[in-house]
Amino acid sequence: RKEVEQDPGPFNVPEGATVAFNCTYSNSASQSFFWYRQDCRKEPKLLMSVYSSGNEDGRFTAQLNRASQYISLLIRDSKLSDSATYLCVVNINSWGKLQFGAGTQVVVTP
Amino acid sequence: DAMVIQNPRYQVTQFGKPVTLSCSQTLNHNVMYWYQQKSSQAPKLLFHYYDKDFNNEADTPDNFQSRRPNTSFCFLDIRSPGLGDAAMYLCATGGGGTPSTDTQYFGPGTRLTVL
Chain A
4 RKEVEQDPGP FNVPEGATVA FNCTYSNSAS QSFFWYRQDC RKEPKLLMSV
54 YSSGNEDGRF TAQLNRASQY ISLLIRDSKL SDSATYLCVV NINSWGKLQF
104 GAGTQVVVTP
Chain B
21 DAMVIQNPRY QVTQFGKPVT LSCSQTLNHN VMYWYQQKSS QAPKLLFHYY
71 DKDFNNEADT PDNFQSRRPN TSFCFLDIRS PGLGDAAMYL CATGGGGTPS
121 TDTQYFGPGT RLTVL
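One line per chain: the protein sequences are A and B, in this order. Heads up: the first sequence begins at 4 in my numbering, then just goes up one per residue. Heads up: the second sequence begins at 21 in my numbering, then just goes up one per residue.
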């Protein structure tokens, strides 16, 4: 079993719609969780950290479910510029080693 | 304003010809990481430096080496590149707080082609 698993997609989303997807992780001791965004042939960029209580940043909402060991990302009012691959990232040890999922591709269409 | 800089952005080398990729940072972070990312795959950690302490991942081939002469710079040396080493190489930095909760900041990457 992979340490971080994501649905690769693609999720084809009409502009203005809402899209949500999950990520599951295997290490119950993980303490930090992140969503990174990666555009084609570019570096990953931090989208948001995920806190225990869930958090929102504009149109983006992240949720953490420790009991079921999954993280979710919801994008509201999708924009064309939201088209990217979203990487679920989990800290898996005490010195900050991150385990990346392979990413979920989102394609927002006009 | 660039915080993590990688050079070159694109590198073409021949099979077996050594190549060095460089990374520099202006964040004064004490941790620097090197990742390899192949198409449609997750970034894979090769090794990291915590200050001057080098930490190799167990499955990183001996063909990959690294040097960190000072806080700002870190190098990735590929001694004898094979066709399977063609990938994007990402440098990242972290630090300034508890490592387990630090985020990592990525450079733009170096795309390596092996002919």
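Glycine residues also receive a C-beta, built at the ideal position from the N, C-alpha and C atoms.
So which of B:V32, B:P28 and B:V24 has the shortest CA-CA distance to B:A106? That would be B:V32, whose Cα lies nearest to the Cα of B:A106.
### Message
On the DSSP letters alone, give me the boundaries of the beta strand (DSSP E) that A:P13 sits inside.
### Response
For A:P13, there is no enclosing beta strand (DSSP E), as DSSP marks it with neither H nor E.
- Message: From the DSSP secondary-structure annotation, give me the bridge partner or partners of B:Q26.
- Response: Residue pairing by DSSP places B:Q26 opposite B:C43 in a beta bridge.
**Asked** Pick from A:A23, A:L76 and A:V53: whose alpha carbon is nearest that of A:S35?
**Response** In terms of CA proximity to A:S35, A:V53 leads the group A:A23, A:L76 and A:V53.
Looking at the structure shown, is B:D82 part of a helix, part of a strand, or coil, going by DSSP?
-> If DSSP states are grouped into helix, strand and coil, B:D82 belongs with coil.
Return the bridge partner residues of A:S75 from the DSSP annotation.
Residue pairing by DSSP places A:S75 opposite A:N25 and A:Q66 in a beta bridge.
- Message: From the DSSP secondary-structure annotation, give me the bridge partner or partners of A:N30.
- Response: A:N30 is not bridged to any residue.
Where does the unbroken beta strand (DSSP E) through B:T91 begin, and where does it stop? Where B:T91 is concerned, there is no enclosing beta strand (DSSP E), given that its DSSP letter is neither H nor E.
Taking the alpha-carbon positions, what's the B:P81 to A:S75 distance?
Rounded to the nearest whole angstrom, the CA to CA distance from B:P81 to A:S75 is 34 Å.
Original post:
To the nearest angstrom, how far is it from the Cα of B:W54 to the Cα of A:N68?
Top reply: Cα-Cα distance, rounded: 30 Å.
Got a sec: is the Cβ-Cβ distance from A:L83 to anything in chain B below 8 Å? No - not a single Cβ of chain B is within 8 Å of the one on A:L83.
| message | Closer than 8 Å is the cut-off here; do at least three beta carbon pairs connect the segment 17-33 of chain A with the segment 22-29 of chain B? | response | No: the two stretches stay apart, fewer than three of their Cβ pairs being nearer than 8 Å.
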